[in-house]
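Have a look at the structure below, then the notes.
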Amino acid sequence: MKAQVTVNTLRKMKQNGEKISSITAYDYTFAALADAAGIHIILVGDSAAMVVQGHSSTLPITMDEMVYHTRLVTRASKTAFVVADMPFMSYHASIADAITNAGRLVKEGGAAAIKLEGGASVCETISAISKAGILVQAHIGLTPQSVHQMGGYRIQRDEDRLLEDAFKVQQAGAFSVVLEGIPASIAETISGKLYIPTIGIGAGPGCDGQVLVMHDMLGLNIGHVPKFVKKYANMAETVETAFRSYVEDVSKGEFPAKEHCY
Numbered sequence: 000m001k002a003q004v005t006v007n008t009l010r011k012m013k014q015n016g017e018k019i020s021s022i023t024a025y026d027y028t029f030a031a032l033a034d035a036a037g038i039h040i041i042l043v044g045d046s047a048a049m050v051v052q053g054h055s056s057t058l059p060i061t062m063d064e065m066v067y068h069t070r071l072v073t074r075a076s077k078t079a080f081v082v083a084d085m086p087f088m089s090y091h092a093s094i095a096d097a098i099t100n101a102g103r104l105v106k107e108g109g110a111a112a113i114k115l116e117g118g119a120s121v122c123e124t125i126s127a128i129s130k131a132g133i134l135v136q137a138h139i140g141l142t143p144q145s146v147h148q149m150g151g152y153r154i155q156r157d158e159d160r161l162l163e164d165a166f167k168v169q170q171a172g173a174f175s176v177v178l179e180g181i182p183a184s185i186a187e188t189i190s191g192k193l194y195i196p197t198i199g200i201g202a203g204p205g206c207d208g209q210v211l212v213m214h215d216m217l218g219l220n221i222g223h224v225p226k227f228v229k230k231y232a233n234m235a236e237t238v239e240t241a242f243r244s245y246v247e248d249v250s251k252g253e254f255p256a257k258e259h260c261y
């Protein structure tokens with residue numbers, strides 16, 4: 000039986016130079032498959048707004064919806080460490096709101112930790128949530144919840160600001176930090192200077208771990224796939240082919256056949 004992944008596991012992996020694998024999941028079935036495959040961290044991403052709900056950004060997903068998706072994932076996860084995203088405006092208005100909403104993802108959703116976006120500007124929030132006994136994963140670089148403020152999904156190249164953000168979220172109490180949309184050389188420098196694990200997405204191989212959106216790496220997305228994604232399968236084509244075969248069998252009266260009847 001595989002051992003439960005904990006925050007101590009992740010810290011030791013960083014110290015030993017072992018790479019951490021992370022993937023998003025939003026429901027019981029895919030979370031169970033990811034868990035069985037040995038994924039270390041399952042992220043219940045606010046990316047569900049796009050890949051599950053069909054929105055053009057992560058902004059519309061609600062707190063109640065994130066709790067719901069988190070509950071489905073944690074029900075399936077036996078050994079993986081589950082992190083749940085704090086959705087847009089769930090931690091921006093006040094520290095009290097941030098602690099309450101983070102607590103919901105842990106208490107109602109069953110998450111082991113929460114993730115929120117931002118660097119120096121959210122350090123007070125990270126500190127307060129951590130002091131409430133909740134593990135916080137930070138997220139710097141390209142932060143999708145700030146897509147309008149950034150003027151789109153743009154690579155972040157300001158090394159001084161990124162280093163400052165990384166050190167400050169670590170000092171505030173974050174147990175880990177996601178580095179998104181950062182040149183590989185900068186991400187490697189940050190990873191070498193921090194004692195907490197860095198998880199990269201579009202940030203090169205020098206991070207302590209990697210995370211991908213499940214729908215991207217499985218080839219389930221029909222639209223644009225970012226440059227940093229490696230497609231490990233082409234499930235969209237497989238699923239569409241299966242659906243077409245089903246339609247044809249039903250229209251021809253070939254399904255259900257004798258072997259499918261009681």
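Start counting the sequence shown at 0; every next residue gets the next number (numbering that gives the first Met the number 0).
We put the beta carbon where it would ideally sit given N, CA and C, even for glycine.
Proximal residues to residue i (C-beta, below 6 Å), its chain only, five neighbours per side dropped
i              : result
glycine 218    : Lys230, Ala232, Asn233, Met234, Ala235
proline 315    : No information on residue 315 is available, as it lies outside the stretch 0 to 261 that the chain covers here.
asparagine 220 : His214
glycine 132    : none
Where residue i sits in the DSSP three-state scheme
i              : result
glutamine 155  : coil
glutamate 107  : coil
isoleucine 125 : helix
valine 224     : coil
alanine 119    : helix
glycine 102    : helix
serine 89      : coil
lysine 18      : coil
serine 76      : coil
glutamate 253  : coil
glycine 191    : helix
alanine 137    : strand
Other residues of its chain near residue i: CB distance less than 7 Å, five sequence neighbours each side excluded
i                : result
cysteine 206     : Leu178, Ala186, Ser190, Thr197, Ile198, Gly199
threonine 73     : Val81, Gly108, Gly109, Ala110
phenylalanine 29 : Met213
Among the options, nearest to residue i - alpha-carbon criterion
i            : options                        : result
glutamine 14 : Asp34, Gly208, Ser129, Gly252  : Gly208
arginine 171 : Gly180, Tyr152, Arg156, Val135 : Sequence check: residue 171 is alanine here, not arginine. The shortest Cα separation from alanine 171 among Gly180, Tyr152, Arg156, Val135 belongs to Val135.
lysine 114   : Thr78, Lys226, Val43, Ile38    : Val43
serine 126   : Ile38, Val210, Val146, Tyr90   : Tyr90
arginine 10  : Arg243, Phe174, Glu239, Ala79  : Phe174
Exposure label - residue i; buried when at least 16 CB within 10 Å
i             : result
cysteine 122  : buried
glutamine 144 : buried
proline 204   : exposed
histidine 138 : buried
tyrosine 152  : exposed
glycine 222   : exposed
methionine 88 : exposed
valine 4      : buried
proline 255   : exposed
arginine 156  : exposed
Residues of its chain near residue i, where Cβ-Cβ distance is below 8 Å and the 5 sequence neighbours each way are ignored
i           : result
arginine 70 : Glu107, Gly108, Gly109
Inside the segment 31–56 only - beta strand (DSSP E) runs reaching at least 3 residues: 40–43
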